[in-house]
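Colleague: Below is a structure I'd like to ask you about.
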Amino acid sequence: MDGKLIEVKRRVEEIYRKGGAGAVERYVEENIDQWKNAKVSIAVTGGAATGKSTFINGIRGVRPSDKGFAQPGFGDTTKEPRKYKHPTNDKIEFIDLPGFGTLKFPMSNYIQTMKISDYDYFLIFFDKVISENDVVVAKELKKMEKPFCFVRSKVDVDYENAIYDGRQQDTILSSIHQSVIQSLANYESLKADAIFVISGRKTNIGETPELLEHMEKRMPVMKYESIMRSLDSFSADIIEKKYQLLKSSLYTKSLSLAFKVIRYDLKDLLEEAYTEYLNAFNIKKGKQSIRTDQTILSLVKTCEQTNLMGRSLDLVFKGMISKAIFQRAMFAFPAVLYGVIVSYRSNAVKMHASLETILDKAHNLAKEDYEKHVHSKL
Ligand SMILES: Nc1nc2c(ncn2[C@@H]2O[C@H](COP(=O)(O)OP(=O)(O)OP(=O)(O)O)[C@@H](O)[C@H]2O)c(=O)[nH]1
Ligand SMILES: [Mg+2]
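Take the sequence shown: its position 208, counted from the start at 1, is 208 in the UniProt record's numbering, and no numbers get skipped.
Quick look at the structure:
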C-alpha cells in the first residue's frame with residue numbers, strides 16, 4: 001500500500017475511534033479536493049515483450065534518441081519499474097514494469113517485487129491471447145480491489161497477416177474483441193474496466209485514442225476512489241473487530257444480567273445494554289430504542305414468566321422472608337431450590353439471546369451509519 005494511503009488510514013482510524021462515522025465524513029469532505037487532485041499512477045504490466053515500453057514511448061511521442069525513451073527489446077528488457085510522465089496531463093504518471101512469467105521475473109514473487117499495491121490503475125498487456133499468467137495477475141488485482149483494463153497489443157501485425165492470408169481487414173478489431181471476450185467467458189469475476197486493441201508502433205491503427213480517452217476520463221477520480229475504497233473496507237474492518245470483541249463478552253454480561261433482572265426491570269436493563277453498544281460503535285442514539293423491537297419484547301415476556309422463582313430468592317435476600325422459613329421450604333421442597341437454579345439458568349440463556357439480538361441491531365446500525373455517511377460519497 002502506498003505511503004499516502006497508510007497515512008490516511010491511520011488518521012481515519014483515530015478519527016473514527018474518537019468521533020465515529022460522522023467525523024470520518026467531515027474529514028473526507030475536507031480532503032476530497034486534495035485527493036481528487038493527487039497524482040495517479042498507471043502501471044503497464046503484462047507478459048514479456050508484449051509491447052509495454054513501446055506503448056509508453058508511442059503515447060509520449062519520444063524517439064529512440066530522445067531523453068526518457070523506454071528501451072524496447074526481445075523480452076526481459078525492462079529490468080525494474082520506471083516512471084514516465086504523461087505527455088499532457090501532469091496528474092498522470094506511467095510505470096513501465098518488467099514483463100512477468102519469465103525466469104528473470106517469475107510469477108511467484110512478481111506482485112511483491114514490483115510493489116503492485118503501490119499503483120492506482122493497471123493496463124495488462126498481451127499480444128496474442130490472454131494467458132494463464134494474465135489471469136493470475138488480474139485475480140491478484142481483483143483481490144487488492146485495483147482497477148485494470150486489458151490491452152491487446154501489436155494489432156498492426158494482424159493487419160499485415162490479414163493481407164498475407166487474404167483475410168478481411170475491416171473485421172480484425174471486432175474479431176479480436178470477440179475472441180478476448182470468449183476466452184474470459186469463464187472468468188466472470190475478472191471483469192475488466194474495458195478491453196482495447198492497439199498498436200504501440202502504429203498508433204493510427206486500432207483503439208489507442210479510445211484507450212487514452214478512457215484513461216483521461218477514469219483517472220481524475222482514481223486516487224479518490226482508491227482512498228475511498230480502502231477506507232471503506234478499513235472501517236468495515238474496525239466495525240467488525242469491535243463487534244467480535246463485544247460478542248466475546250456476551251456470555252459474562254448475560255450471567256450478570258440474569259442476576260440483576262431479579263431486582264431491576266428487564267426492559268431498562270436491555271435498553272441500558274443497547275445504549276452501551278451504540279456508544280461502543282460511536283452511534284448517536286437519536287430515536288433508536290429497543291423497547292418496541294418485537295424479538296426483544298417476546299424475549300422479555302418469557303423471561304419474566306420464568307422469573308418468579310428468582311424473585312422469591314430476592315425476597316429472602318432482602319430479608320422479607322426469614323431465611324429459616326426459606327431454608328425449611330427448601331429442605332422440604334428440593335424442587336423449590338431446583339426451580340430457583342433453573343430459573344436463573346434459563347434467565348441467563350434468554351438474556352444471552354436478547355443481548356445478542358441487541359448487539360446485532362447496533363452492529364447493523366453501525367454498518368448503515370457508515371454507508372450513509374461515507375460510502376455514499378463515492
Ligand atoms: N509490430 C509491432 N511490434 C511491436 C509493438 N509493440 C512492441 N513491438 C515490438 O515488440 C518488441 C518488444 O517490445 P517492448 O516494448 O520491449 O515490450 P515490453 O513489453 O516492454 O518488453 P519487456 O520489458 O521485455 O517485458 C520490440 O521489438 C518492439 O519493437 C507493436 O505495436 N507492433
Ligand atoms: Mg519493457
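Glycine included, every Cβ here is placed at the ideal spot set by N, Cα and C. Keep in mind the model is a prediction, meaning the values are calculated, not measured.
Out of curiosity, what's the CA-to-CA distance linking residue 149 and residue 17?
Modeller: To locate residue 149, count along the sequence shown from 1; it is residue 149. To locate residue 17, count along the sequence shown from 1; it is residue 17. Distance between the alpha carbons of residue 149 and residue 17 is about 37 Å.
Colleague: Excluding sequence positions up to five away, which residues of its chain have a Cβ less than 6 Å from the Cβ of residue 351?
Modeller: Translated into the one-based positions of the sequence shown, residue 351 becomes position 351. Result list for residue 351: 254, 257, 258, in chain order.
Colleague: Compute the Euclidean distance between the alpha carbons of residue 219 and residue 43, then round it to the nearest angstrom.
Modeller: Working through the sequence shown from its first residue, we reach residue 219 at position 219. Working through the sequence shown from its first residue, we reach residue 43 at position 43. Each residue's Cα considered, the two are about 12 Å apart.
Colleague: In this structure, does DSSP put residue 300 in helix, strand or coil?
Modeller: Working through the sequence shown from its first residue, we reach residue 300 at position 300. Helix at residue 300.
Colleague: My assumption, with CB atoms under 8 Å, is that residue 137 sits in contact with residue 45. Please give the rounded CB distance.
Modeller: Your numbering for residue 137 matches position 137 in the sequence shown. Your numbering for residue 45 matches position 45 in the sequence shown. Yes, residue 137 and residue 45 are in contact; Cβ-Cβ is about 6 Å, under 8 Å.
Colleague: Kindly indicate which residue of 96, 126, 134 has the alpha-carbon position closest to the one of residue 119.
Modeller: Along the sequence shown, read from residue 1 onward, the residue named residue 119 stands at position 119. Ranking the options by Cα distance to residue 119, first place goes to 96.
Colleague: Can you tell me whether residue 387 is helix, strand or coil according to DSSP?
Modeller: Beyond the ends of the chain as shown, which are 1 and 378, falls residue 387; an answer cannot be given.
Colleague: For residue 198 versus residue 211, is the C-beta spacing smaller than 8 Å?
Modeller: Mapped onto the sequence shown, residue 198 falls at position 198. Mapped onto the sequence shown, residue 211 falls at position 211. Against a cut-off of 8 Å, the Cβ pair of residue 211 and residue 198 comes out as a contact.
Colleague: Quick check for students: name the residue ranges of the beta strand (DSSP E) that lie wholly in the segment 120-176, counting only runs of 3 or more.
Modeller: With a minimum length of 3 residues, the continuous beta strand (DSSP E) runs that stay inside the segment 120-176 are 121-126, 148-152.
Colleague: Which one of 78, 76, 84 has the shortest CA to CA distance from residue 68?
Modeller: As a first step, residue 68 must be located in the sequence shown, where it is residue number 68. It is 84 whose Cα lies nearest to the Cα of residue 68.
Colleague: Cβ of residue 96 within 7 Å of any heavy atom in ligand 2?
Modeller: Within the sequence shown, the letter at position 96 stands for residue 96. True, at least one ligand heavy atom lies under 7 Å from that Cβ.
Colleague: Got a sec, what are the start and stop residues for the beta strand (DSSP E) residue 45 sits in?
Modeller: As a first step, residue 45 is located in the sequence shown; it is residue number 45 there, counting from the start. Looking at the DSSP string, the run of the beta strand (DSSP E) that includes residue 45 is 40-46.
Colleague: If we count Cβ pairs, one from each stretch, closer than 8 Å, do we get three or more for the segment 95-112 versus the segment 126-137?
Modeller: Verdict: yes, contact present.
Colleague: Quick check on the DSSP output: the alpha helix (DSSP H) that includes residue 253 runs from which residue to which?
Modeller: Position 253 of the sequence shown, counted from the first residue, corresponds to residue 253. Taken as a continuous stretch (DSSP letters only), the alpha helix (DSSP H) holding residue 253 covers 250-260.
Colleague: If you measure between the beta carbons of residue 51 and residue 154, is that distance less than 8 Å?
Modeller: Taking the first residue of the sequence shown as position 1, residue 51 is located at position 51. Taking the first residue of the sequence shown as position 1, residue 154 is located at position 154. Against a cut-off of 8 Å, the Cβ pair of residue 154 and residue 51 comes out as a contact.
Colleague: Just checking residue 54 against ligand 1 - is the residue's beta carbon closer than 7 Å to any of the ligand's heavy atoms?
Modeller: The residue you call residue 54 lines up with position 54 of the sequence shown. True, at least one ligand heavy atom lies under 7 Å from that Cβ.
Colleague: Evaluate residue 297 with the Cβ neighbour count: other Cβ atoms within 10 Å of its Cβ, from every protein chain shown; 16 or more gives buried, anything less gives exposed.
Modeller: Within the sequence shown, residue 297 is the residue found at index 297, counting from 1. That one is exposed.
Colleague: Work out the CA separation of residue 172 and residue 158 for me, nearest whole Å.
Modeller: Within the sequence shown, numbered from 1, the residue matching residue 158 stands at position 158. Within the sequence shown, numbered from 1, the residue matching residue 172 stands at position 172. Going from the Cα of residue 158 to the Cα of residue 172 covers about 7 Å.
Colleague: Once the 5 residues before and after residue 274 are set aside, which same chain residues still bring their CB inside 7 Å of it?
Modeller: Numbered from 1 along the sequence shown, position 274 holds the residue referred to as residue 274. The answer, listed in chain order, is 290, 358, 362.
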